[in-house]
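Worksheet: the structure to be examined is printed underneath.
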Ligand code: GDP
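Residue numbers (the numbering used here): 76 to 275.
In structure tokens form, the structure reads like this:
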């Protein structure tokens, strides 16, 4: 798959906006500011494709990017930003429930902060992915901010707190440095191939 060939498709605000052509979907989730846009940009080796540092507080959207005309990278709206209004939170929940109810996910990618214990929102988000039964990986981002001695215990804590099954990878990642990109790309390619095979 050519990761340089990528185009923006749609900012979906409701089910009717989701593309309907059955291509594989790789869904990215994470709390606001965890570096979800930066991780997507790093996967694509682009500076500003998914927007970095976007302020929450406007309408909640799911952004679809088409990768090499073969699969969608789906940028789910971030969560856990304290200053978000109740109505915004409700919009988030309604759109996410609608998205998960459609059973469209071929690989869930959840981004957490490698420095910290997962938040309660992270734990809830991981359980959505795990309960949906889709293949799932966790990206532990901002690894460059960790001391070497912190890496192993922090990754173990993430696995334990999110109650991940043994076969669920936790990928040490730095959007800043590029660490972990090859492993994440290989998970994305495997998921896309599985779906393509199932479709034929
Ligand atoms: P989003 O809200 O989850 O999309 O987060 P952004 O991609 O906008 O990133 C939030 C902030 O974290 C920005 O200032 C990024 O430069 C920074 N950031 C993202 N990834 C990394 C990383 O791997 N290492 C470091 N040091 N900073 C990062």
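Glycine is no exception: its CB is placed at the ideal position from the N, C-alpha and C atoms.
1) Is it the case that the CB of residue 109 approaches a heavy atom of the ligand GDP more closely than 8 Å?
2) Is residue 260 near residue 212, with beta carbons less than 9 Å apart?
3) What does the alpha-carbon distance come out to for the pair residue 125 and residue 97?
4) For a test of the three-state rule: what should DSSP assign to residue 98, helix, strand or coil?
5) Suppose only complete runs of 3+ residues qualify. What are the beta strand (DSSP E) ranges in the segment 142 to 214, listed by chain order?
6) With a threshold of 16 other CB atoms inside 10 Å of the CB of residue 113, please say whether the residue is buried or exposed.
7) Start and end of the alpha helix (DSSP H) containing residue 107?
8) Between the alpha carbons of residue 146 and residue 95, how many angstroms are there, rounded?
9) DSSP three-state call for residue 250: helix, strand or coil?
10) So does the segment 194 to 202 actually touch the segment 158 to 167, counting three or more Cβ pairs closer than 8 Å?
Quick look at the numbers:
1) For the purposes of this step, residue 109 is taken as residue 34 along the chain shown, with counting starting at 1. Taking the Cβ of residue 109 as the reference point, at least one heavy atom of the ligand GDP falls within a distance shorter than 8 Å.
2) Working through the chain shown from its first residue, we reach residue 260 at position 185. Working through the chain shown from its first residue, we reach residue 212 at position 137. Going by C-beta atoms, residue 260 is not nearer than 9 Å to residue 212.
3) The residue you call residue 125 lines up with position 50 of the chain shown. The residue you call residue 97 lines up with position 22 of the chain shown. Going by the C-alpha atoms only, they are around 23 Å apart.
4) Looking up residue 98 in the chain shown gives position 23. DSSP, read as helix, strand or coil, puts residue 98 in coil.
5) List check, beta strand (DSSP E) in window: 146 to 150 and 182 to 188.
6) As a working note, residue 113 is residue 38 in the chain shown. Burial state of residue 113 is buried, judged by a 10 Å Cβ sphere holding 16 or more other Cβ atoms.
7) Here residue 107 corresponds to residue number 32 of the chain shown, with the count starting at 1. For residue 107, there is no enclosing alpha helix (DSSP H), as DSSP gives it neither H nor E.
8) Locating residue 146 in the chain shown gives position 71, where the first residue counts as 1. Locating residue 95 in the chain shown gives position 20, where the first residue counts as 1. Spanning the two alpha carbons is a distance of roughly 12 Å.
9) For this step, residue 250 is matched to residue 175 along the chain shown. Three-state DSSP puts residue 250 in coil, outside helix and strand.
10) Touching, no, given that fewer than three Cβ pairs across the two stretches are closer than 8 Å.
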